[in-house]
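Before any comments, here is the structure.
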Amino acid sequence: MNRIHNFSAGPAILPLSAIQNTQKAISNYNNLGMSIIEMSHRSKEIVAVFDEANANVLELMNLSADDYSVLFLGGGASTQFAMVPLNFLKTKANYINTGTWANKAVKEAKKVGNTNVIASSEDSNFNFIPREFTIDSDADYLHYTSNNTIFGTEFDFIPESNIPLVCDMSSDLFSREIDFSKFDLIYAGAQKNIGPSGATLVVIKKSWLNEKGNSNLMTMFDYKTHVKSDSMFNTPPVLPVYVINETLKWIKEQGGIKAIEIMNRDKANHLYEKIEGSSGFYIPAVPKKEDRSLMNVTFNLKTPELEQKFISEALKYDLSGLKGHRSVGGIRASIYNACPMLSVEALVNFMDHFLHENWS
Ligand code: PMP
3 MNRIHNFSAG
13 PAILPLSAIQ
23 NTQKAISNYN
33 NLGMSIIEMS
43 HRSKEIVAVF
53 DEANANVLEL
63 MNLSADDYSV
73 LFLGGGASTQ
83 FAMVPLNFLK
93 TKANYINTGT
103 WANKAVKEAK
113 KVGNTNVIAS
123 SEDSNFNFIP
133 REFTIDSDAD
143 YLHYTSNNTI
153 FGTEFDFIPE
163 SNIPLVCDMS
173 SDLFSREIDF
183 SKFDLIYAGA
193 QKNIGPSGAT
203 LVVIKKSWLN
213 EKGNSNLMTM
223 FDYKTHVKSD
233 SMFNTPPVLP
243 VYVINETLKW
253 IKEQGGIKAI
263 EIMNRDKANH
273 LYEKIEGSSG
283 FYIPAVPKKE
293 DRSLMNVTFN
303 LKTPELEQKF
313 ISEALKYDLS
323 GLKGHRSVGG
333 IRASIYNACP
343 MLSVEALVNF
353 MDHFLHENWS
């Protein structure tokens, strides 16, 4: 297969091994004479896929099954914006607003109860990460978004918190080593670093759920429902979970998150250095280096017309998915785990070429 250089923000590039194994699983799963998409989610083969994916998530996070439950749910990360406050907001919630997705989470929490936005970068169009804020000690939890897919900012620290920490890691999960045990709940839509769209990963601390989880919730919106039934209360997204497991296996084969992080830092540095070294031809969208995302590298050119020309000409070199999000414009190169250095090098070479052709 002739693979293009895929810089799409999500759904996004996945490891070739995951795609090829899925192709086989769709034709004839484990030589059972049927496709994986024709099999009961309660068959022993599919339960084994879920068990393995579960174990792989915990292994990569260095967490114990005694302390944390792993769920694979439908509804996307957007459903988690509602489920988190429904399950845990009692007195007050704290949120950090660092972009479109964080803001959507805030909006849902406000519908449930008292929600205090303790820090925000909205005034400067979300181009930085707030570093100073005071957490309300009586709040039920603090929610933040570790990587802002649209604006290209990323937390390079975990907020010091004495209250439970909840994090939307949709666009940087498993991209770098962090201490996952600091969190009470982590969620991520799969369609960036861990699989295709259609499944959402939720990792939740058992003690928090059992001691503090709200009761009398609608069945499907209650985390306890899904924990009790191992993500099989209703028909789960079987094929996406299969692809997630193949992607997690690939991460382990690369040497785990530690090795992945080294590659991700190399890729991001290569791109940011090219932007910085362009004498202002390429303008970084995030001014402070420490706030820049390792996953979504955002930049501008002098005019929207020149940006459009950049995007269309890039396509001629098989460089795809570089258009910034429709709400901000500009250029965004999403360089998730499965994006190889080869693609970043092809982009950097094109940036050189484009600069020389259009310098004025
Ligand atoms: N959070 C973040 C950080 C995202 O990037 C996205 C989608 N790109 C979402 C949440 C929403 O995810 P979904 O479309 O799965 O609901």
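The opening residue of the sequence shown carries number 3 in our numbering; numbering runs sequentially from there.
Note that CB positions come from ideal geometry on N, CA and C, so glycine has one too.
Since the model is a prediction, treat every value here as computed from it, not as a measurement.
At a threshold of 7 Å, does residue i count as lining ligand 1 (C-beta to nearest heavy atom)?
| i | result |
| --- | --- |
| T151 | yes |
| G12 | yes |
| G215 | no |
| W210 | no |
| A27 | no |
| W361 | no |
| A79 | yes |
| W377 | The structure shown has nothing for residue 377, since the chain only spans 3 to 362. |
| D170 | yes |
| T202 | yes |
| S173 | yes |
| G191 | yes |
| T147 | yes |
Under a Cβ-count criterion, where at least 16 other Cβ atoms within 10 Å of its own Cβ denotes burial, should residue i be classed as buried or exposed?
| i | result |
| --- | --- |
| L344 | exposed |
| G332 | buried |
| P238 | buried |
| H355 | exposed |
| T305 | exposed |
| E255 | exposed |
| L18 | exposed |
| R334 | buried |
| K325 | buried |
| T221 | exposed |
| N32 | exposed |
| E359 | exposed |
| F159 | exposed |
| E309 | buried |
| R5 | exposed |
Quickly, what does DSSP pair residue i with across the bridge? List them, please.
| i | result |
| --- | --- |
| Y97 | V119 and H145 |
| A335 | V299 |
| T155 | N150 and R294 |
| K325 | I333 |
| F74 | L203 |
| C169 | Y146 and I188 |
Check each candidate in the options and name the one with the smallest Cα separation from residue i.
| i | options | result |
| --- | --- | --- |
| V59 | T227, N247 and S183 | N247 |
| K214 | D142, F301 and G154 | D142 |
| K278 | N212, V330 and M353 | One point to set straight first is that residue 278 is Glu, not Lys, in the sequence displayed. For the residues N212, V330 and M353, the minimum Cα distance to E278 belongs to M353. |
| I396 | N64, A27, S163 and L62 | The chain is shown only over 3 to 362; residue 396 falls outside these bounds and no answer can be derived. |
| A121 | I137, V114 and E110 | I137 |
| V49 | V346, P242, L357 and D232 | D232 |
| H145 | R178, T151 and W103 | W103 |
| H7 | P161, C169 and A348 | A348 |
- Message: So, does the stretch 193-211 touch the stretch 34-45, judging by three or more C-beta pairs under 8 Å?
- Response: no
- Spell out a yes or no on whether the stretch 207-217 and the stretch 72-79 are touching, meaning 3 or more CB-CB pairs, one atom from each, closer than 8 Å. no
- Message: Pairs of beta-carbons, one from the stretch 289-297 and one from the stretch 262-277, closer than 8 Å: are there three or more?
- Response: yes
- Pair every Cβ in the stretch 102-109 with every Cβ in the stretch 50-65, then say whether three or more of these pairs are closer than 8 Å. no
- Message: With three or more C-beta pairs closer than 8 Å as the rule, is the stretch 123-135 touching the stretch 74-93?
- Response: no
- Taking three-plus beta-carbon pairs below 8 Å as touching, is the stretch 148-166 in contact with the stretch 283-292? yes
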